[in-house]
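Read through the structure below, which is laid out as structure tokens, and then see the notes.
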Ligand SMILES: *Cc1c(COP(=O)(O)O)cnc(C)c1O
């Protein structure tokens, strides 16, 4: 039953046809899977098969049992969260990566992987306007990259004592971010051993950006109390509303107090490829580290996070391990990326990035990003003009935050009304969007960033949102 090489060749050809068909028919699937909890699980046998099964049987089950439980992230009607984009070039590269099945932990285990990673990270760094003092490494997620930043900051501050002696030997470290920052920061602070209570969330201004005047005050008060300010995590594009923290003002405070400055640009970093958007990250040269996810908006399928850091020596010293079985004669002359992050084993992720950048070209990517933002701008305009809808936060890039607010509905019913609106929209399978809270108010988030989204999809979504909303207010 086990596939042989010739069967593999035949099935691979069939599968590529299936892949192309899937992508060309993707709009026929409900965007958000419509299954109930447990529905997939209970269809699957309790025991694995003792004997191998024919590939066709497995693939039939995939189509019949698994596919209905898939949410279609590559649908152009996917407007939820932030996109996890792919592209044809990225998919093809991923097939090669899987075929090579190489482990890219050290240079010797695939020199081309290490050197292509170094080169593509230079390309990316220059593309998004980071100064050449940064070096990059590919991580699995932004959550992991931010954890690397916190751990490196910890080791630099403790002169590498915490790695030796544990946190018992350390003073009380404090980490700062805004009240709007991504949940991964809190998770990372907990994992790094600082404790959630030592993550200080600074209030934001009317644009939902961190207030540097308050940051300054809190840092001074912490120092006076004998606590040790360790790291500030600023957001270039918060997840909730794509608010932009003022990097220059924050960076200056960090420099003054000797604090590690980490920038989380997980989604918005891609837009920094556009010279006209770089003003959002003015002052980024003051950062010690920076993360963005090509696996969000940059057409490169998950996972691919670009982590940039100035002090690579500190990064490597934080993570380095050298057991006998990993020693090689090239140590020190080449990048052994296992020392640049947490996992030892690493996928060959630079390959898909290289394929995407080369196949789309810088201008091709820029044109798509501008197109995405023009559609967001169009939608923003529709919402501002509509008497029964309101914009809930300033639009900076490709995310529009809004809610339904008919004049006859009292304020205390708006939350229920908008939650009902989201649920009805998502249950329809026609589109998928998610909600957030802006200053406590339920807000719909609509992101126009999927690789293949076109104006007609956004227009259809907007039309449908208005239609569903009007039926809700009638009841
Ligand atoms: C998506 C996002 C993250 C988390 O990204 P992962 O790669 O899934 O860990 C962190 N910060 C911001 C601002 C994000 O938008």
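Residue numbers (this note's numbering): 1 to 475.
Glycine is no exception: its CB is placed at the ideal position from the N, C-alpha and C atoms.
Check: alpha helix (DSSP H) containing residue 403: first to last residue?
Finding: According to the DSSP assignment, residue 403 belongs to no alpha helix (DSSP H) but to the beta strand (DSSP E) extending over 399-404.
Next item on the list: Could I get the ranges of all uninterrupted beta strand (DSSP E) runs contained in the stretch 51-122, with 3 residues as the minimum, in chain order?
Entry: Entirely contained in the stretch 51-122, not one beta strand (DSSP E) run reaches 3 residues.
Check: Residues bridged to residue 305 by DSSP?
Finding: Residue pairing from DSSP places residue 305 in a beta bridge opposite 139.
Check: Looking at residue 182 and ligand 1, is the gap between the Cβ and the nearest heavy atom below 6 Å?
Finding: It does: the Cβ of residue 182 is within 6 Å (strictly closer) of some heavy atom of ligand 1.
Check: Hey, quick one: how far does the beta strand (DSSP E) through residue 424 stretch, first residue to last?
Finding: Membership of residue 424 in any beta strand (DSSP E) is not indicated; the residue belongs instead to the alpha helix (DSSP H) covering 414-428.
Next item on the list: Tell whether a beta-carbon distance below 7 Å holds between residue 380 and residue 395.
Entry: In contact: residue 380 and residue 395 (Cβ atoms closer than 7 Å).
Next item on the list: Taking residue 261 as part of the beta strand (DSSP E), name the residues at either end of that continuous run.
Entry: Note, residue 261: beta strand (DSSP E), 260-264.
Notebook entry, point to check: Based on Cα-Cα distance, which residue from 154, 257, 286, 308 lies nearest to residue 266?
Noted result: If we check each option's Cα against that of residue 266, 308 comes out closest.
Check: Quick one: complete alpha helix (DSSP H) runs, 4+ long, within the stretch 323-370?
Finding: Segments of the alpha helix (DSSP H) lying fully in the stretch 323-370: there are none.
Notebook entry, point to check: For residue 409, which of helix, strand or coil comes out of DSSP?
Noted result: Three-state result, residue 409: coil.
Margin query: I'd like the list of long-range same chain contacts for residue 248, defined as Cβ closer than 6 Å, with 5 residues on each side in sequence excluded.
Written below: Counting only Cβ-Cβ distances below 6 Å, and skipping sequence neighbours, we find 282, 283.
Check: If we count the other Cβ atoms within 10 Å of its Cβ and call it buried at 16 or more, is residue 90 buried or exposed?
Finding: By the 16-neighbour rule on beta-carbons within 10 angstroms, residue 90 is buried.
Note to self: Given a cut-off of 7 Å on the beta-carbon distance, is the pair residue 141 and residue 353 in contact?
What the structure shows: 7 Å or more divides the Cβ of residue 141 from the Cβ of residue 353.
Notebook entry, point to check: Taking all protein chains shown into account, do 16 or more other C-beta atoms lie within 10 angstroms of the C-beta of residue 13, making it buried, or fewer, making it exposed?
Noted result: Counting Cβ neighbours within 10 Å, residue 13 comes out exposed, since fewer than 16 surround it.
Check: How would you write the range of the beta strand (DSSP E) that residue 201 sits in, first residue to last?
Finding: Its beta strand (DSSP E) spans residues 199-202.
Check: In three-state terms, what does DSSP make of residue 452?
Finding: Coil.
Check: So what does residue 212 bridge to, in DSSP terms?
Finding: Paired residues: none, contrary to the question.
Notebook entry, point to check: Which two residues bound the contiguous beta strand (DSSP E) that contains residue 391?
Noted result: For residue 391, the enclosing beta strand (DSSP E) has its first and last residue at 389-391.
Margin query: For residue 16, count the other beta carbons within 10 Å of its own beta carbon; 16 or more makes it buried, fewer makes it exposed. Which is it?
Written below: So residue 16 counts as exposed.
Next item on the list: Leaving aside the five residues before and after residue 256 along the sequence, list all residues of the same chain whose C-beta is less than 7 Å from its C-beta, in chain order.
Entry: Hits under 7 Å: none found.
Item checked: Neighbour-count burial assignment, residue 475, 16 or more Cβ in a 10 Å radius -> At residue 475 the pLDDT is 48, less than 50, meaning the model places this residue with poor confidence and gives no usable figure here.
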